[in-house]
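Below is one structure; the comments refer to it alone.
Numbering (this note's numbering), first residue to last: 26 to 413.
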């Protein structure tokens with residue numbers, strides 16, 4: 026409820042002048058009003074500015090001249106706020122181009138073709154190129170990053186949406202590969218800091234001393250083993266119990282030394298599982314975990330490292346929703362738009378910034394050929410500069 030001095034209009038509602046019970050006079054007390062506020066939207070009408078570009082002919086040589094548009098005026102029909110809105114509706118609210126077209130017409134009285142909406146996506150992608158590139162560069166310098174990937178439909182082949190996330194931002198990259206080449210393009214040939222991920226083979230190039238495998242994924246692996254018959258199932262149930270204990274102790278704030286018994290217990294069960302000749306799936310999973318064992322426990326050596334990859338999985342959630350609601354991406358321009366708008370939307374969400382407000386600033390700067398506002402917080406730039 027807003028303070029009374031901030032409302033647009035006040036309507037004084039008086040009770041009936043006569044009491045319905047005794048017919049006496051009702052005396053209203055204006056100092057004890059019951060406040061009730063109704064919020065509504067004003068009629069939305071677009072602001073249309075027409076630029077008259079005069080033409081002329083040189084009186085000396087006959088060369089034809091025409092006036093240029095003022096600085097900051099777009100060559101297309103959509104201004105910076107409209108471009109920012111189209112980007113926000115697509116990237117943050119997952120609307121298709123057709124739905125954006127209908128919303129603009131029905132709510133705001135703006136009638137544009139699907140092609141105009143597509144062109145707007147291209148303009149937003151161009152405007153975000155520099156800030157997203159800066160985001161990628163500085164995110165790569167962070168001491169702890171989370172990484173994950175999910176499938177994406179392109180017009181001709183399957184692609185993969187890769188993301189890396191830290192505590193202040195997220196960067197997305199679309200790649201036709203799900204292999205190590207794509208992972209290196211995302212994280213760097215020799216990644217700095219610690220990378221938290223699942224145990225997918227694409228991340229095997231990362232030094233085990235710089236890697237943390239997601240324990241939420243490991244719990245699911247243990248749950249699958251626990252459903253099997255015989256000794257393998259028993260081992261799976263024991264590993265599952267150890268995993269639950271790990272999360273419980275972590276939540277209770279137990280010190281790293283407290284986990285040593287659990288660490289030895291899990292190693293013993295993995296060794297027993299790797300020796301299971303009767304169940305090759307269990308043996309392979311346990312042997313793989315033994316090979317990457319140092320990456321299971323990095324969170325004990327560094328309190329800043331999480332034992333789960335929830336940050337990257339949350340970042341990809343919006344991309345998955347967009348994939349389910351939309352058809353495939355048809356062009357390279359569309360791919361660049363998705364990469365940059367999702368990097369922007371997720372980074373703004375992490376930082377508590379408004380995507381629409383940020384995009385307005387970006388589009389205004391781009392149209393005026395000025396430097397776009399940064400997605401990297403000032404304190405991060407200062408910290409990284411001090412560590413350089």
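Virtual Cβ for every residue (Gly too), placed ideally from N, Cα, C.
Computed from a predicted structure; not experimentally measured.
- A check of alpha carbon separations from residue 319 across 36, 301, 288 and 329 identifies 288 as the nearest.
- Straight-line measurement puts the Cα of residue 381 at about 6 angstroms from the Cα of residue 110.
- Collapsing the DSSP output to three states places residue 219 in a strand.
- The continuous alpha helix (DSSP H) containing residue 262 extends over residues 255 to 276.
- Rounded to the nearest angstrom, the gap between the Cα atoms of residue 296 and residue 335 is 28 angstroms.
- Per DSSP, the continuous beta strand (DSSP E) segment holding residue 186 begins and ends at 183 to 190.
- A straight line joining the alpha-carbon of residue 324 with that of residue 236 spans about 9 angstroms.
- With respect to the 9 angstroms criterion, residue 397 and residue 28 are not classified as neighbours on the basis of their beta carbons.
- About 6 angstroms separates the beta carbon of residue 51 from that of residue 41, a gap short enough to meet the 8 angstroms contact definition.
- The residues 205, in chain order, have a CB closer than 6 angstroms to that of residue 230 in the same chain once the five nearest residues on each side in sequence are set aside.
- When DSSP reads this structure, residue 179 sits in a beta bridge with 354.
- Within the same chain, Cβ atoms closer than 6 angstroms to the Cβ of residue 341 are found at 173, 175 and 188, the five residues on either side in sequence being excluded.
- Residue burial annotation: residue 184 is buried, with at least 16 other C-beta atoms found within 10 angstroms of its C-beta.
- DSSP places residue 199 in the strand class (E or B) of the three-state scheme.
- Of the residues 190, 258 and 291, the one whose Cα lies closest to the Cα of residue 374 is 190.
- Counting the other CB atoms within 10 Å of its CB gives residue 364 a total of 16 or more, which places it among the buried residues.
- Secondary structure of residue 172 (DSSP, three-state): strand.
- The straight-line gap separating the alpha-carbon atoms of residue 339 and residue 171 is approximately 11 angstroms.
- With 16 or more other Cβ atoms from the protein chains shown falling within 10 Å of its own Cβ, residue 250 counts as buried.
- Within the model, the alpha-carbon separation for residue 77 versus residue 135 is close to 21 angstroms.
- Under the Cβ criterion (8 angstroms, minimum of three pairs), the region 218 to 230 counts as touching the region 163 to 170.
- For residue 125, same chain residues with a beta-carbon under 7 angstroms away, outside a window of 5 residues either side, are 111, 114, 115 and 142 in chain order.
- Selection 214, 159 and 279 evaluated against residue 197 yields 159 as nearest (Cα-Cα).
- About 6 angstroms separates the CB atoms of residue 152 and residue 388; that is less than 8 angstroms, so the two are in contact.
- Between residue 315 and residue 299, the beta carbon gap of about 6 angstroms places them in contact (Cβ cut-off 8 angstroms).
- According to DSSP, residue 50 shares a beta bridge with 43.
- Beta-bridge partners of residue 237 (DSSP): 221.
- Taken through DSSP and simplified to helix, strand or coil, residue 91 comes out as strand.
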